[in-house]
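Add 151 to a position in the sequence shown, counting from 1, and you land on the number used in this note's numbering.
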Amino acid sequence: MKNLLFSVSGLRGIVGDGLNPLNTVRYTAAFASWNGKGLYLLGSDTRPHGDLFIDLVKATLRGLGNDVVDLGIVPTPTLLYLVRKWEAQGGIVVTASHNPIEWNALKFVKKGGIFPSAREKEEIEKGIDGPFEWARWDEVGGFLEDFTAWTEHVDDILISPYVDVDSIKSKNFKVAVDAVNGAAHEALPALLEELGTGVVRLNCSPESPFPHKPEPRPEALVELDALLRAGSVDVGFAVDPDGDRLLLGITGRGLLSEEYTVPLAVYSVLMRKKGDVVVNYSSSLLTDRVASKFGVKVHRARVGEANVVEKMKEVGALIGGEGNGGVIFPEMNSARDSLVGAALILSLFSKRGFEVIDELPQYHLVKKSFPLRGEFQVQRLAPYFEGGQMSLEDGLYVRYENSWAHIRPSNTEPIIRVFAEAESAEEAEGLVKKAEDALKRAGLL
């Protein structure tokens, strides 16, 4: 269906032109039938049409005989954490994450607080036409609301041995937060206050629309960047509408690329305990450089949180993430978690200072996207790239000594994404141009 995507990132589409009540019920029923009967947690971001889909999902789950707890507006990582902590059967988050306001999505969460894998996603999709075993009148599931459960997530982060609360408090950091009026508007500032920081709230009003482009990128966060450059705050954090991705900046320097989030969190964890790391193919070499400093290995996985988590389990990784600002630290939460990321990074800054950023080499990462026309046939691209290590596991990834390029179809939008990183902007731009030329010559553009 036009403008409807089902991937490891969930069921996603433009409301009324892709995502609608009918396919919401069908996919919810297919997921719950596949996942099994029990307790399900629900939550959403702040989109004005979120309550429509929450009501549909809630009714479908209860109609299948499942009990439901509605957590209200809640960060996606918080819901995943509580599915694991409460030993719930699963959960569903109504959020289109970084997509524009006209989009919405269902993120399906299975037992243990993790997303279904690519293989499991295919199994779920086979069941969208039923048949479904609807509950009898006396077997309809129960329903509760708990709009303060997010505090458990905050409290448990504060007692983690990887978060040095006393060290953070001793620095008296002043921290600005841009929550894009999204799901983390309450939880992230509350965590920062518990860590003893002075908090400046920007766009933390859930009843207001997104004030800028919802993806946490420096070019969209003008107000936060200005505060940092003026020295008005020590640290700045920005998140996307569902609170799983984190961008940061420091005083006098402004906002950093989102590619700094994961390596700094990895640095913080590896200072305490050594272990291998997993990032996706589109992530910066900055994480590789941090890992080499501590003598541990970096593994790469296909893009998509579920794919990274699956790879982390496979190799027994300690920490991982995605280069778009998604920190995954299973000892605290098996999901991209902006709250965990913020706490780990503040802990690092409290011990090593902001100068730790200067220990990392300078790389230039260029990202570009093109409309996806028809099927993405990766094998057509391979002949146009030589001299590097190549992988076709997730689109085309080619790695050179100090640079790389990655070409793949998006999991969340009908586009082809091209990433390239090198030690100079010119080299990175050259790799993107090479990728664009290859796409054209291969008949994919």
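Cβ coordinates follow ideal geometry from the N, Cα and C atoms, glycine included.
Note to self: Nearest by alpha-carbon distance to D297: which of T229, T402, L378 and V351 is it?
What the structure shows: T229
Note to self: Between the alpha carbons of W254 and I165, how many angstroms are there, rounded?
What the structure shows: 4 angstroms
Next item on the list: Measure the C-alpha to C-alpha separation of D509 and F294 and round it to an integer number of angstroms.
Entry: D509 and F294: Cα-Cα distance of roughly 51 angstroms.
Check: How about the stretch 493–502 and the stretch 540–558: do they share at least three Cβ pairs that are nearer than 8 angstroms?
Finding: Per the Cβ contact rule, the stretch 493–502 is not in contact with the stretch 540–558 (fewer than 3 Cβ pairs under 8 angstroms).
Margin query: For W301, count the other beta carbons within 10 Å of its own beta carbon; 16 or more makes it buried, fewer makes it exposed. Which is it?
Written below: buried
Check: Do you know how far the Cα of A341 is from the Cα of E374?
Finding: 21 angstroms
Next item on the list: Determine the burial state of T246: buried for a count of at least 16 other Cβ atoms within 10 Å of its Cβ, exposed for fewer.
Entry: buried
Check: Would you call the stretch 386–405 and the stretch 420–427 touching, i.e. three or more CB-CB distances under 8 angstroms?
Finding: no
Next item on the list: For E473, name the three-state secondary structure that DSSP assigns.
Entry: strand
Item checked: Backbone secondary structure at N217 - three-state DSSP -> coil
Item checked: Beta-carbon spacing of T227, L207 below 8 angstroms -> no
Notebook entry, point to check: Which residues bound the alpha helix (DSSP H) around P228?
Noted result: T227 to K236
Item checked: Chain-order list of residues whose beta-carbon lies under 7 angstroms from that of N354 (same chain, five-residue window excluded) -> Closer than 7 angstroms at Cβ, skipping near neighbours: D329, A330, V331, N332 and P362.
Note to self: Need the endpoints of the beta strand (DSSP E) that P623 sits in, please.
What the structure shows: Shown here, the chain extends from 152 to 596; a query on residue 623 therefore has no answer.
Notebook entry, point to check: Ordered along the chain, which non-local residues of its own chain (more than five positions away) have a Cβ less than 6 angstroms from that of F480?
Noted result: Same-chain partners within the cutoff: I470 and V491.
Next item on the list: Please work out which residues of its chain come closer than 8 angstroms, Cβ to Cβ, to V305, disregarding the five sequence neighbours upstream and downstream, and give them in chain order.
Entry: A338, A341, L342, E345 and L490
Item checked: For L353: DSSP bridge partner residues -> D329
Checklist line | R440: first and last residue of the uninterrupted beta strand (DSSP E) it sits in | finding: Looking at the DSSP string, R440 is not in any beta strand (DSSP E); the run it does join, the alpha helix (DSSP H), is L437 to K444.
Margin query: I believe K272 touches F157 by the beta-carbon criterion, under 8 angstroms. Please report the beta-carbon distance rounded to the nearest angstrom.
Written below: 7 angstroms
Notebook entry, point to check: Where does R163 sit, in a helix, a strand or coil, going by DSSP?
Noted result: DSSP places R163 within a strand segment (E or B) once states are collapsed to three.
Next item on the list: Enumerate in chain order the residues of its own chain whose CB-to-CB distance from A239 is below 6 angstroms, with the five nearest sequence positions on each side excluded.
Entry: Once the five neighbours on either side are set aside, the close Cβ partners of A239 are L190 and L192.
Next item on the list: With hydrogens ignored, establish whether the beta-carbon of I308 is closer than 7 angstroms to any heavy atom of the ligand ADP.
Entry: This structure lacks the ligand ADP, and indeed carries no ligand of any kind.
Next item on the list: Could you tell me the boundaries of the beta strand (DSSP E) in which S542 lies?
Entry: Following the DSSP letters along the chain, one finds S542 inside the beta strand (DSSP E) bounded by residues Q540 to S542.
Next item on the list: Determine the burial state of K277: buried for a count of at least 16 other Cβ atoms within 10 Å of its Cβ, exposed for fewer.
Entry: With fewer than 16 Cβ atoms within 10 Å of its Cβ, K277 is classed as exposed.
Note to self: Quick check on this structure: which residue in I319, I243 and L437 has the alpha carbon closest to the alpha carbon of N475?
What the structure shows: L437
Check: What's the C-alpha gap between A335 and S575?
Finding: About 35 angstroms.
Next item on the list: Would you tell me roughly how many angstroms separate the C-alpha atoms of V459 and W285, rounded to the nearest one?
Entry: 34 angstroms
Note to self: Here's the rule: buried if 16 or more other CB atoms are within 10 angstroms of the residue's CB, otherwise exposed. What is W288?
What the structure shows: It counts as exposed.
Notebook entry, point to check: Exposed or buried, what is E465 when buried is set at 16 or more other beta-carbons lying within 10 Å of its beta-carbon?
Noted result: exposed
Notebook entry, point to check: Less than 8 angstroms separating the beta-carbons of I566 and P522?
Noted result: Inclusion of I566 and P522 in the CB contact set at 8 angstroms is warranted, their separation being smaller than that value.
Check: Taking the alpha carbon of R487 as the point to measure from, which residue in L378, G472, L499 and S501 has its own alpha carbon closest?
Finding: Minimum Cα distance to R487 is reached at G472.
Check: Do V478 and L590 have their CB atoms nearer than 8 angstroms?
Finding: In this structure, L590 does not lie closer than 8 angstroms to V478 by Cβ.
Next item on the list: Can you grab the Cα-Cα spacing for the pair S408 / R368, in whole Å?
Entry: 7 angstroms
Item checked: Start-to-end residues for the beta strand (DSSP E) that takes in A457 -> Counting along the chain, A457 falls outside any beta strand (DSSP E), though it belongs to the alpha helix (DSSP H) covering E456 to V466.
Note to self: For V420, which residues in the same chain have their Cβ closer than 7 angstroms to its Cβ, ignoring the five residues on either side in sequence?
What the structure shows: Within the same chain, V420 has close Cβ partners Y313, L469, I470, F480 and L495.
Check: With a CB to CB cut of under 6 angstroms and the five nearest residues on each side skipped, what residues in its chain are close to T393?
Finding: Looking at the sequence shown, residue 393 is not Thr but Asp. Within the same chain, D393 has close Cβ partners D196, T227, T246, S248 and A334.
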